[in-house]
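Reviewing the structure listed below.
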Amino acid sequence: GTREALEDFARSEGVPPAELQIFLVLPSNEAVRQAVEAGAGATIISELVIARSLAEGSLRSVPVVLPKRDFAMITHRDRQASLAQMALKAHLTSKQDAPSTGRG
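Residue numbers (the working numbering): 1 to 104.
Dropping the structure here:
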């Protein structure tokens, strides 16, 4: 996941992953956000997870160029898609076909 992507990026920049000094591994993005808000350190995390904290001013974003990540929509192979799943797929497909806004 995110840690592997960060380690791959560090390697590509000539930084051995051991030098990243990862001292805390948490089970969820929410736990990571809370730990940083409590002063535990810094992290790389989705802006979607921290949008409210940024707006409230409890966290600040540091501009950094990171590699893009690919995501996949997955479903159970034997279950029929729900209306919500079909709506999500339609929404994502329409976004894919729309012109880029320059945000990734």
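Think of the CB as a built atom: it goes at the ideal place given N, C-alpha and C, for glycine as much as any other residue.
Would you decide whether residue i is buried or exposed? Buried here means 16 or more other CB atoms lie within 10 Å of its CB.
{"i": "Val32", "result": "buried"}
{"i": "Ile105", "result": "Any answer about residue 105 is impossible in this case: the structure gives the chain only from 1 up to 104."}
To the nearest angstrom, how far is the alpha carbon of residue i from that of residue j?
{"i": "Ala84", "j": "Gln96", "result": "18 Å"}
{"i": "Glu13", "j": "Thr2", "result": "17 Å"}
{"i": "Val15", "j": "Ala38", "result": "28 Å"}
{"i": "Thr93", "j": "Lys68", "result": "19 Å"}
{"i": "Glu56", "j": "Asp78", "result": "43 Å"}
{"i": "Gly104", "j": "Gln80", "result": "Any reading at Gly104 must be qualified, since the residue scores a pLDDT of 46, below 50, and its modelled position is unreliable; no value is offered."}
{"i": "Ile45", "j": "His76", "result": "27 Å"}
{"i": "Val62", "j": "Lys89", "result": "32 Å"}
{"i": "Arg11", "j": "Pro17", "result": "7 Å"}
Terminal residues of the continuous alpha helix (DSSP H) containing residue i?
{"i": "Gln80", "result": "Neither: Gln80 is in no alpha helix (DSSP H) and is coded neither H nor E."}
{"i": "Leu54", "result": "47–56"}
{"i": "Pro7", "result": "According to the sequence provided, residue 7 is Glu. The question's Pro does not apply to it. Counting along the chain, the alpha helix (DSSP H) containing Glu7 begins and ends at 2–12."}
{"i": "Gln34", "result": "29–37"}
Which one of the options has the shortest CA to CA distance from residue i?
{"i": "Arg60", "options": "Ile74, Thr43, Leu92, Arg69", "result": "Thr43"}
{"i": "His91", "options": "Met73, Ala5, Asp78", "result": "Met73"}
{"i": "Val64", "options": "Glu47, Phe23, Gly41", "result": "Glu47"}
{"i": "Ala5", "options": "Thr75, Ser94, Asp70, Gln21", "result": "Asp70"}
{"i": "Ser58", "options": "Leu88, Ala35, Gln80", "result": "Ala35"}
{"i": "Glu30", "options": "Ser82, His76, Arg52, Leu88", "result": "Arg52"}
{"i": "Leu20", "options": "Leu26, Met86, Phe9", "result": "Phe9"}
Please report the Cβ distance between residue i and residue j, rounded to the nearest whole angstrom; I am assuming they are in contact, meaning their Cβ atoms lie under 8 Å.
{"i": "Gly41", "j": "Leu54", "result": "So it is not a contact: roughly 17 Å between Cβ atoms."}
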